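Structure first, then comments.
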Amino acid sequence: MSLSNKTLINEIDSLLLLEFDLQRLLIKGGVRLVGEINVSGAKNAALPLFFATLLTPGKFEITNIPRLRDIQTTVDLLKQLGAEVDYTDHSVNISTDDLKSHEAPYDLVRTMRASVLALGPLLARCGKARVSLPGGCAIGARPINLHLEGMKKLGVKISLENGYVEAAVDSLKGDTVHFSLPTVTGTENIMMLATKAEGTTIIENAAKEPEIIELQNFLNQMGAKISGAGTSKITIQGGDKLKPTKYKVMPDRIEAGTFMIAAAATGGDLIIKNAVYEHLTALITKLEECGVKIEKIKGDGLRVRAYEPLKPVNISTGPFPDFPTDCQAQMMALLTKAKGTSTIVENIFENRFMHVQELQRMGANIELRGNTALIHGNGGLTGAPVMATDLRASASLIIAGLIANGVTEVNRIYHLDRGYEKIEEKLKNVGANIDRVN
Ligand code: EPU
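So in the working numbering, spot 98 of the sequence shown is number 91, and the numbers just go up one at a time.
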């Protein structure tokens, strides 16, 4: 692409961001959420499946896809790589018969870190990949050194040039990859790469998230031989020929968790359809400690009923099955309402307390001591203009707005559109006084 074309695309990109930037949410607090709310397909489960389609030529169909900006970014990336993608409503048809590129450019990677998931499948299929390094992120440094070290164990040669990971391999050989800490996308990248390696690959200290099990199921339907996902040891018998498949994505446990917390915070009574109990046990335990009643309902879903006053709790985030970092910010908004002092220790990302200052602007009494937040619940949030800094911080500010006195204006909601499908419509349907305005 010529420099002027690139400049033009960057300018259009900036204008689009500006347009999103002009949108904001207005929330009038004080309403209990009551009724039924539906959970969409899981963003973090769908993204690796999209990338896994690169592994072999053919036509895939994936359903229950959430309508989100991160999904659209992935569609754009797959198209740049040469795939034909038909993304309509909540399903996608992907044809990966002819790949014409092995490069994930900076312009796309910078808007979505999960683009790094292109590395494993491109290397497996093409023997080479050029993927931009994602760079820093609002919630932490988030390096990809563990992905790269794991790939090297399987025979991949890697160099870093001009901000890009340049990776190439002649013949992939299975080996043991031991992660010094469990990484979700790192585990996914190695699983995909190892499907094409000769012999057996074992991933030790693998991430155990439900999204990893989802990827194992998808790859096994494609003909791979993977076992152990959901435990810390995953075994991949590589080398089998893979074929395309059809798949329905699981519900989003973080969206479900966000609605559960919103129900609890507003003293509400919500049926959260498609929420999977087993994916949410750490959050359920903490909400129950707060005094919230949670029960499984017939069919798929959970009923969440809150009784005030909420009790304070101590939370420590960790890899699954521990309390998810992706629900930490939302839980903090709820705990501003508990009677007493709660603590939250953030163990996954070093900078995931950006929402604290915004909650403080709404009257929250929160002290930060390193990676620990002390939330002195006072129940007295007041509406204010606030700024979303990342996806889950945006959800936290919405929950704060739902319980605050007066009107809260949440700015920079383009973060929200990366990971929550029509959240304001869903919340409005259960009583929230929330509007998106330009
Ligand atoms: N880490 C390293 N080196 C690596 C990889 C990870 O030091 O090579 C560190 C990270 O900096 C972090 C920890 O390991 O401190 C765990 O990070 P992980 O790699 O597991 O995170 P991720 O795969 O980049 C996924 C989700 C995140 C979620 C985290 C933790 C996707 C696409 N993203 O990220 O989701 O917070 O796992 O559960 O699956 C979100 O949806 O809002 C989101 C940020």
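Glycine included, each C-beta is placed from N, C-alpha and C at the ideal position. Since we're looking at a predicted model, the values are computed, not measured.
DSSP places M185 within a helical segment (H, G or I) once states are collapsed to three. Here the segment 393 to 409 makes no contact with the segment 73 to 93; the two share fewer than three CB pairs at distances below 8 Å.
With 16 or more neighbouring CB atoms inside 10 Å of its own CB, R17 falls in the buried class.
When the alpha-carbon of P98 is set against those of R123, P237 and H348, the nearest one is in R123. By the Cβ criterion, the segment 298 to 306 is in contact with the segment 256 to 273, since at least three pairs of Cβ atoms, one from each stretch, lie closer than 8 Å. At a cut-off of 7 Å, the beta-carbon of A326 does not count as near the ligand EPU: no heavy atom of the ligand is closer than that. Here K36 is buried. Its C-beta has 16 or more other C-beta atoms within 10 Å. Per DSSP, the beta-bridge partners of D79 are N86. Take G156, set aside five residues on each side of it, and the residues of its chain with a beta-carbon closer than 7 Å to its own are Y99, S125 and L126, in chain order. By alpha-carbon distance to G356, the top candidate from L374, I247 and Y413 is L374. Contact check for D293 against G34 fails: the beta carbons are separated by 8 Å or more. Look at the beta carbons and you see the segment 277 to 290 not touching the segment 209 to 223: under three pairs across the two are nearer than 8 Å. Relative to the ligand EPU, the nearest heavy atom lies less than 7 Å away from the CB of I137. Note on L47: 16 or more other CB atoms within 10 angstroms of its CB, so buried under the neighbour-count rule. Within 7 Å of the C-beta of P314 there is not a single heavy atom belonging to the ligand EPU. When the Cα atoms are used, N182 and N307 turn out to be separated by approximately 33 Å. Contact annotation: V338 and N364 have beta-carbon atoms nearer than 8 Å. With 16 or more neighbouring CB atoms inside 10 Å of its own CB, K201 falls in the buried class. Within the DSSP bridge table, the entry for V400 names K21 as partners. The criterion of a C-beta distance shorter than 8 Å is not satisfied by A366 and T318. Short of 6 Å from the beta carbon of P41, and not among the five residues preceding or following it, lie these beta carbons of its own chain, in chain order: L110, E181 and L208. Fewer than three Cβ pairs drawn from the segment 68 to 78 and the segment 415 to 429 lie within less than 8 Å of each other, which leaves the two stretches out of contact.
Scanning the segment 234 to 304 from its first residue to its last, the whole beta strand (DSSP E) runs of 3-plus residues come out as 239 to 241, 262 to 266, 286 to 289 and 294 to 298. Sequence-distant Cβ neighbours of T176 in its own chain, meaning closer than 8 Å and more than five residues away, are L139, H140 and A200. Relative to the Cα of K239, the nearest Cα in the group N57, K21 and D428 belongs to N57.
Across the set N210, P59, G231 and G223, the C-alpha of G231 shows the shortest separation from the C-alpha of E191.
Under the 10 Å beta carbon count, K291 is surrounded by fewer than 16 other beta carbons and is classified as exposed.
As for any beta strand (DSSP E) of minimum length 3 sitting wholly inside the segment 314 to 366, the runs are 333 to 338 and 358 to 362, ordered along the chain. Within 10 angstroms of the beta-carbon of R362 lie fewer than 16 other beta-carbons, which makes it exposed. Here the distance from the Cβ of E204 to the nearest heavy atom of the ligand EPU is below 7 Å. Counting along the chain, N426 sits inside no alpha helix (DSSP H); it lies in the beta strand (DSSP E) bounded by residues N426 to V430. Short of 7 Å from the beta carbon of G394, and not among the five residues preceding or following it, lie these beta carbons of its own chain, in chain order: I20, G22, G376, T401 and V403. Where T67 is concerned, the enclosing alpha helix (DSSP H) starts and stops at R62 to L74.
Excluding five sequence positions before and after M243, the CB atoms of its chain that fall closer than 6 Å to its own CB belong to A35, A38 and E207, given in chain order. Here N431 is exposed. Its C-beta has fewer than 16 other C-beta atoms within 10 Å. One thing to note: H348 has its Cβ no nearer than 8 Å to the Cβ of M324.
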